[in-house]
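See structure below.
There are 2 protein chains.
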Amino acid sequence: MKVSKKYYTCDSQEKCQILESGLQLSPVTIAYETFGKLNSDGNNAILICHAFSGDSHVASVYEDAPEDTAPGWWDFMVGPTKGIDTDIYFVVCCNILGSCMGSTGPGSINPATKKPYGLDFPMVTIGDMVNSQKQVLDYLGVKKLHSVIGGSVGGMQALEWCVRYPEMIRSAIPIATTMRHSALAIAFNEVARQAIMVDPHWNKGDYYHNPGPDLGLAVARMIGHVTYLSDEAMRRKFGRKLQDKEDFSFNFEANFQVESYLRYQGSKFAKRFDANSVLYITKAADYFDLADNVNTEESLQDLQGSHSKFLVISYTSDWLYPTYQAKELVQALKRTGQDVSFCEIEADCGHDAFLIPDPRLSKLIGGFLNGIENS
Amino acid sequence: MKVSKKYYTCDSQEKCQILESGLQLSPVTIAYETFGKLNSDGNNAILICHAFSGDSHVASVYEDAPEDTAPGWWDFMVGPTKGIDTDIYFVVCCNILGSCMGSTGPGSINPATKKPYGLDFPMVTIGDMVNSQKQVLDYLGVKKLHSVIGGSVGGMQALEWCVRYPEMIRSAIPIATTMRHSALAIAFNEVARQAIMVDPHWNKGDYYHNPGPDLGLAVARMIGHVTYLSDEAMRRKFGRKLQDKEDFSFNFEANFQVESYLRYQGSKFAKRFDANSVLYITKAADYFDLADNVNTEESLQDLQGSHSKFLVISYTSDWLYPTYQAKELVQALKRTGQDVSFCEIEADCGHDAFLIPDPRLSKLIGGFLNGIENS
Chain A
1 MKVSKKYYTC DSQEKCQILE SGLQLSPVTI AYETFGKLNS DGNNAILICH
51 AFSGDSHVAS VYEDAPEDTA PGWWDFMVGP TKGIDTDIYF VVCCNILGSC
101 MGSTGPGSIN PATKKPYGLD FPMVTIGDMV NSQKQVLDYL GVKKLHSVIG
151 GSVGGMQALE WCVRYPEMIR SAIPIATTMR HSALAIAFNE VARQAIMVDP
201 HWNKGDYYHN PGPDLGLAVA RMIGHVTYLS DEAMRRKFGR KLQDKEDFSF
251 NFEANFQVES YLRYQGSKFA KRFDANSVLY ITKAADYFDL ADNVNTEESL
301 QDLQGSHSKF LVISYTSDWL YPTYQAKELV QALKRTGQDV SFCEIEADCG
351 HDAFLIPDPR LSKLIGGFLN GIENS
Chain B
376 MKVSKKYYTC DSQEKCQILE SGLQLSPVTI AYETFGKLNS DGNNAILICH
426 AFSGDSHVAS VYEDAPEDTA PGWWDFMVGP TKGIDTDIYF VVCCNILGSC
476 MGSTGPGSIN PATKKPYGLD FPMVTIGDMV NSQKQVLDYL GVKKLHSVIG
526 GSVGGMQALE WCVRYPEMIR SAIPIATTMR HSALAIAFNE VARQAIMVDP
576 HWNKGDYYHN PGPDLGLAVA RMIGHVTYLS DEAMRRKFGR KLQDKEDFSF
626 NFEANFQVES YLRYQGSKFA KRFDANSVLY ITKAADYFDL ADNVNTEESL
676 QDLQGSHSKF LVISYTSDWL YPTYQAKELV QALKRTGQDV SFCEIEADCG
726 HDAFLIPDPR LSKLIGGFLN GIENS
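From first to last, the protein sequence lines stand for chains A and B.
All residue numbers for the first sequence refer to the working numbering, where the first residue is 1 and numbers rise by one.
All residue numbers for the second sequence refer to the working numbering, where the first residue is 376 and numbers rise by one.
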């Protein structure tokens with residue numbers, strides 16, 4: 001099984017997107033990948049929503065991109081006979097609006113100026129991302145989602161799907177996510193944004209024809225990366241191990257392995273990701289509030305009378321979206337009468353645990369999806 | 376009771392400081408303040424060691440600096456009849472070596488070049504800081520420390536004092552500190568250092584005659600500041616409260632109060648602190664390892680046979696140096712036969728809790744110090 005990245009573009013004025021900010025965005029292109037086959041009733045689809053820096057390449061390898069041989073970011077989960085079984089389900093994954101991996105974002109060409117948008121790109125919300133995904137599913141002929149699944153910012157999209165299009169949703173699996181960012185999560189995002197915006201190469205977002213803010217972006221990624229790990233995992237993986245020598249260098253080179261690891265992660269990210277997309281997506285995550293109509297005219301009340309089933313998953317060592325926030329979500333969903341299962345998985349690897357191959361997660365998701373099919 | 380900042384300078388070649396790196400530093404000036412009177416036996420002294428960005432101004436107000444009317448950083452703790460009672464004890468607080476608040480640091484003039492050291496300043500360790508404080512105490516005629524007390528990086532100094540000069544120490548109170556930085560703590564320090572070093576105004580540390588890396592320094596402080604708070608305290612203090620308006624601005628201005636607070640803290644810090652001092656002091660903290668002779672030829676074994684009493688204090692919501700690390704310290708001290716009391720204080724305000732007026736802390740420290748006197 002190999003896959004191709006495809007693109008859906010909406011440029012008809014009436015269909016194109018009115019954003020939550022009130023601004024209009026056109027054209028909108030969404031990169032997406034599909035796995036398995038849609039049945040004739042259009043109701044065996046599963047939408048997977050990726051996290052902050054992810055993309056549509058959720059599984060398999062590309063058949064038409066020989067230079068990109070890496071399997072998708074959730075390849076252990078998605079495929080024939082896997083937790084999300086592509087022999088049974090038609091799986092769709094879209095790159096989010098505002099990103100830089102094929103969908104329209106701040107690095108795309110602004111038709112009004114013929115130059116990249118930069119900061120002229122309108123602010124987008126999790127709701128706007130969901131609306132653009134809805135257009136792709138309509139185009140593909142999907143009538144009903146067997147499930148909408150996502151971790152982290154992907155989990156926010158899964159939840160937003162449930163309040164915007166409850167009639168389309170049979171089940172949802174929000175993983176390592178939250179109903180709304182805490183002050184701590186906003187704080188980390190704001191520090192990351194500042195790290196980018198103080199880099200003079202950022203140039204108020206207008207850097208696409210010059211060297212970009214790679215150094216600031218690398219620092220932003222280092223901050224993010226620390227929040228995706230955990231104290232325990234970092235002790236296990238790095239502890240106080242030194243990089244090359246048996247003794248300290250007594251200078252500002254990377255002495256400890258953890259320093260060198262973070263520097264590497266930062267500069268690697270700066271090569272592949274657009275700094276402005278970091279700004280837009282982190283802001284969308286900060287704005288997201290599932291039950292607050294400051295953010296959305298929809299709210300949890302829209303779930304009343306829907307019959308979606310929820311599987312909420314958290315991780316013991318996730319301190320970005322800790323288990324207490326998952327429990328708040330479970331309680332909020334239950335108050336609207338939803339059928340909610342909750343599972344806290346014991347894992348020491350922090351927020352990013354859902355990205356690490358784990359048969360427990362595959363079985364949990366596979367079992368839940370089978371249960372939905374049978375009900 | 377008012378106070379003056381004083382300066383001790385050592386510039387005699389034989390007394391001056393051989394650093395742990397093997398390099399020599401001369402002259403060394405240490406800014407210090409004293410409170411109360413040293414008795415004729417020179418044994419009623421208490422040394423207070425300040426944290427990362429602190430200074431010698433631990434209590435009272437200056438008698439000779441009319442523009443600086445702020446009371447010292449631990450004024451609630453230090454003074455007549457307070458937890459650390461200056462009617463009884465002769466209290467000394469020194470600005471640490473490598474800092475920028477009066478003691479020799481990277482912003483001081485290098486006698487070899489007549490210019491500020493910048494990165495020519497040698498790396499200093501917690502042990503080097505302690506040795507320079509020892510010279511000040513010798514100069515003042517202090518024979519014995521009734522106690523050596525410090526929080527955070529100040530707690531590291533207090534512990535280092537106990538292994539370097541056990542014969543001088545009657546008791547020690549390490550607060551909200553650790554025997555050694557975890558990978559997580561090193562990671563946060565490294566991200567802060569990178570934030571400074573990627574600012575082009577940093578200019579490899581040579582910025583003293585030009586505008587400095589204020590933007591990078593502000594980001595570094597924002598990172599630090601988040602680690603000094605806690606999820607709980609930030610929820611209580613900020614939650615998702617908006618700054619000015621009732622709705623989102625849909626731009627990259629500070630929408631949430633927590634964003635605006637962090638920006639303010641960052642830029643305020645950049646006005647008062649030297650970026651190179653942040654680099655040197657964070658590195659010293661990362662290198663510190665109480666029981667590892669990679670760091671110091673001294674070790675916990677040097678405590679064997681000493682009769683110091685320890686009061687180890689941690690805070691429930693401190694996730695920079697969590698209670699489990701305080702317990703590791705307690706166990707390590709006990710293994711060498713020390714008399715150790717341990718207290719975990721319930722507080723939701725994170726690592727910085729020890730800087731916030733709290734009668735529980737004053738009574739705890741006051742009671743412990745009285746007990747030492749009577750033994």
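Cβ atoms here follow ideal geometry from the backbone N, Cα and C, with glycine treated the same way.
Does residue i come within less than 8 Å of chain A when only Cβ atoms are used?
i      : result
B:N626 : yes
B:V403 : no
B:V653 : no
B:G614 : yes
B:Y696 : no
Using beta-carbon positions only, say whether residue i and residue j come within less than 8 Å of one another.
i      : j      : result
A:A392 : A:R221 : Residue 392 of chain A cannot be examined here, being either before or after the span of chain A that is shown, 1 to 375.
B:T500 : B:Y662 : yes
A:I223 : A:A192 : yes
A:Q265 : A:N255 : no
B:K380 : B:A420 : no
A:K143 : A:G42  : yes
A:C93  : A:I48  : yes
B:A570 : B:G725 : no
A:F90  : A:L137 : no
Can you list, in chain order, the residues of its chain whose CB lies under 7 Å from that of residue i, leaving out five sequence neighbours each side?
i      : result
B:P575 : none
B:E628 : none
A:L23  : P122
A:L215 : D199
B:S396 : P497 and M498
Going by beta carbon distance, what residues of the same chain come within less than 6 Å of residue i, once the five residues before and after it are set aside?
i      : result
A:G83  : M77, S362, I365 and G366
B:F820 : Absent from the structure is residue 820 of chain B, since the part of chain B shown begins at 376 and ends at 750.
A:T178 : Y321 and Q325
A:T296 : At A:T296, the pLDDT of 41 sits below 50, so the modelled position is not reliable; the number obtained from the coordinates is stated separately. Excluding sequence neighbours, A:T296 sits near G127.
A:D274 : C100 and G107
B:G429 : W448
B:M376 : S435
B:V705 : V687, V715 and F717
Does residue i have its Cβ less than 8 Å from a Cβ in chain B?
i      : result
A:I356 : no
A:K283 : yes
A:P200 : yes
A:L385 : Missing from the structure shown is residue 385 of chain A; chain A here goes from 1 to 375 and no further.
A:M222 : yes
A:E328 : no
A:E259 : yes
A:M179 : no
A:E190 : yes
A:Y315 : no
A:S182 : yes
A:L262 : yes
Would you identify the three-state DSSP class for residue i, choosing helix, strand or coil?
i      : result
A:F252 : coil
A:E297 : Any reading at A:E297 needs caution, since the residue's pLDDT is 40, under 50, leaving its predicted position unreliable; the model's value is listed next. Coil, per DSSP.
B:V517 : coil
A:D377 : Missing from the structure shown is residue 377 of chain A; chain A here goes from 1 to 375 and no further.
A:Q243 : coil
A:Q338 : coil
A:K115 : strand
A:I356 : coil
A:S267 : helix
A:P200 : helix
B:E565 : helix
B:S683 : coil
B:N651 : helix
B:Y382 : strand
B:K702 : helix
Only counting the same chain, and skipping five residues up and downstream in sequence, which positions put a Cβ closer than 8 Å to that of residue i?
i      : result
B:S716 : K684, F685, L686, V687 and F743
A:E259 : Q243
Discussion item. Below 8 Å, how does it come out for the region 513–527 of chain B and the region 542–556 of chain B: are there three or more Cβ pairs, yes or no?
Written reply: yes
Worksheet entry | Three CB pairs or more closer than 8 Å across the region 646–658 of chain B and the region 458–477 of chain B | yes
Discussion item. Across the region 200–215 of chain A and the region 328–338 of chain A, are there enough close Cβ pairs to call them in contact, namely three or more that are closer than 8 Å?
Written reply: no
Discussion item. With three or more beta-carbon pairs closer than 8 Å as the criterion, would you say the region 156–169 of chain A touches the region 55–67 of chain A?
Written reply: no
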